[in-house]
Structure formats: C-alpha cells, structure tokens
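Take a look at the structure below.
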Ligand SMILES: NC(=O)C1=CN([C@@H]2O[C@H](COP(=O)(O)OP(=O)(O)OC[C@H]3O[C@@H](n4cnc5c(N)ncnc54)[C@H](O)[C@@H]3O)[C@@H](O)[C@H]2O)C=CC1
Ligand SMILES: O=CC(=O)O
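In full-length UniProt numbering, the protein residues as written are 1 to 317.
Right under this line is the structure:
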C-alpha cells in the first residue's frame, strides 16, 4: 500500500481483515494474490492502479472496488458491470483543493510569483528601496479581475474554480458535455467558441475519447499571444507537443500545469520559459484531502460489511 501512510494502514488492519500485496516479498505480488484471491470481497484501489479483466478474473469473490481517485478509468468498468461488482470513487473530497491549486497557478502565471522568488537570489547588494528594487524585474501588469475565464468542464472542480474566480471579478463562461441549468454563466457547446471569448482557459474536464486533445493547436492559437491556459484535469486534454511549440514561439501567453501528457515526463523545453508554472500532479496532496479520503474509505468499507448504502457509487450502466 504505497499511497497511504502507515497509521491509516494500521487503522484498516485493526478493523478489517486486510491483505496488502505490497507486504509480499514477491515483487509481482502474483503468488500471494493468487493464494488469497478466492477470499477477497473488497479491493481498495490505491492511486490509479490498473484493475484489468485479468485481475478481475482472479478475484472471483470480489463484490466491491473502493477507488481512491476521482477518475476510475484505470478500472475495467464494463467488466465490473458484467460481474456485478460495485465501484466507488472520491466524488467531491478533492474538488476544493484542486480548485485552490488551479487559482494559485493562474495567479502565479499572471503575477510571476515563483519566477521573481527564484530571481531574488540573483540580485545581491541592491538598496532596499522598494520601488527601484521591484522595477529590476519585468513587472507584470496582468490583473485578474475583469479577465474573461473560460472553464472547460463545469463539474465539481469547475464549479469550485468559478466560486473563487468570481470573487476576483472574473467574467466566467464555460464548455461542458452539456449545458447545466443551475449554472448562470454563458455556455458554449463548442470549445473553440469558448476560447475566442476568453483570456484564460481553466481545463478541468474528464479525459475521455471525446476530450482527448480538446485543447488542440487551433484552440490554443485562437486563445492568442496573451492567453493563459491552466490545466488541473489530465495532461492529455491538451496536445502537449503543440502547446510546447506555441509557447516557445510566443504564440500563447503562458501556462500553469498540474498534469502532463506522459507523467512523470515533463517536456524539457518548458524549463527554459518564464511564462510557465508547473506542479507535479499534486493538487490533492494535502492533509485535508487525505483525511477526507480516508474517512470515505472507512465509511464505505463499514457500510459494505454491514450491508448498508455506500457513498459515491459509480454508475456502471
Ligand atoms: N490534478 C489533480 O490532482 C486532479 C485532477 N482531477 C481531474 O479533474 C477531472 C474533473 O474532476 P471533477 O470536476 O471532480 O469531475 P466531474 O465528473 O464533476 O466533472 C467532469 C466534467 O467534465 C465534463 N465533460 C465530460 N465530457 C466532456 C466533453 N466531451 N466536453 C466537455 N466537457 C466534458 C463534464 O460535463 C463534467 O462537467 C477528473 O476527471 C480528473 O481527471 C481530479 C482530481 C484531482
Ligand atoms: O488526479 C487525481 C484524481 O483523483 O483523479
């Protein structure tokens, strides 16, 4: 169990009959897994560990998979549906922290906080006269208030992003799979239409066949030289190769990324640029997210063994 810290594993082990394949000396875990397979009723899926049809075919007693992520596309859901296995995910447990990071990335790209922090160490012996001191840097002039922000994916995270950006006075519009009657902002069914009406894009939709490279070369070109893209969804929502080329040529204004197309690989060209802010897919790496996740897991395990209703079941139809 790589993702959870020891006290949580201990908590689980004191309440349930826990079998952790990472306790095995066998690096593939396969022999231990095979030995216990017929007894396992619940699989706790840590991180996006793949749950293939091969694995499912070993676990003949399996009734429930408790996911620890928002997306559960690493789990073979059609096979779960066929075998009558229930799957749960984390729902809103992570949404606020991901939205916070999205807004943090945006402010940092626009105001270059990380960049000037790194530059401070390069300026020894300057007189501490604040205006002169500050003017040594290319001061940023980007205001957040009044920016037209297009949200791609008005789900749980998108809605939290909007709450925060409204407080800055941003002008919001969105693209999503469908128009949401409860959302009072202009809806553009075509992402290209959204972009031509936006200064900033915040990308936080689910990655599906349909949304793969939804932010392609044409979309990014339409956003223009001053346009900024923030991506906290999945790397492959953006055509990363094209994004790098456009950034290098100065054809988009800047990016803030928590996710990459081929993690943990980060295109090295990005490190030469001063209009990017990067984080290593760590939007949910907070104690609050982990606490919420752990409570959710324990709730669902207890509910399952007590034949009670589970939280956050994924629709497998
Ligand atoms: N950076 C990180 O650590 C995290 C990233 N995520 C990513 O954020 C994504 C969104 O999470 P939530 O808001 O909780 O999910 P959600 O299910 O509430 O929202 C997903 C949104 O994607 C939209 N969408 C689906 N298909 C679309 C299409 N074809 N075109 C446009 N929009 C489409 C849906 O309409 C929905 O509004 C997750 O799928 C996950 O990939 C989630 C948690 C943490
Ligand atoms: O990226 C994390 C997730 O929960 O999805």
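Beta carbons are placed, not taken as given, at the ideal position from N, Cα and C, and that holds for glycine.
Being a predicted model, the structure only gives us computed values, none of them experimental.
Please report the straight-line C-alpha distance between residue 206 and residue 181, rounded to a whole angstrom.
Linking residue 206 to residue 181 through their CA atoms gives a straight-line distance of about 20 Å.
For residue 175: DSSP bridge partner residues
Residue 175 has 152 as its beta-bridge partners, per DSSP.
Any heavy atom of ligand 2 inside 8 Å of the beta-carbon of residue 23?
Residue 23: no, Cβ never under 8 Å from ligand 2.
Those residues, in chain order, that have a beta-carbon closer than 5 Å to some heavy atom of ligand 2:
Output, sorted by chain position: 69, 70 and 71.
From 221, 84, 218 and 230, pick the residue whose C-alpha is nearest to that of residue 109; which is it?
Closest in alpha carbon position to residue 109, among 221, 84, 218 and 230, is 230.
Answer yes or no: do residue 83 and residue 62 have a C-beta to C-beta separation smaller than 9 Å?
A contact, by the Cβ cut-off of 9 Å.
Report yes if the CB atom of residue 246 is closer than 9 Å to the CB atom of residue 220, and no otherwise.
Yes.
Which residues in the same chain have their Cβ closer than 7 Å to the Cβ of residue 1, if we skip the five residues on either side of it in sequence?
Here residue 1 scores only 48 on pLDDT, less than 50, and its place in the model is too uncertain to base an answer on.
For residue 274, does the count of other Cβ atoms within 10 angstroms reach 16, so buried, or fall short, so exposed?
Burial call: exposed.
Provide the residue span of the alpha helix (DSSP H) that contains residue 232, from first to last.
Taken as a continuous stretch (DSSP letters only), residue 232 belongs to no alpha helix (DSSP H), as it is neither H nor E.
Give the single residue among 91, 259 and 79 whose Cα lies nearest to the Cα of residue 317.
Ranked by Cα distance from residue 317, the first of 91, 259 and 79 is 79.
Option in 212, 228 and 285 with minimal Cα separation from residue 277:
Per the Cα distances, 228.
Can you find the residues in the same chain that come closer than 6 Å, C-beta to C-beta, to residue 186, ignoring five residues on each side of it along the sequence?
Apart from the 5 residues on each side of it in sequence, residue 186 sits with its Cβ closer than 6 Å to the Cβ of 173 in its chain, given in chain order.
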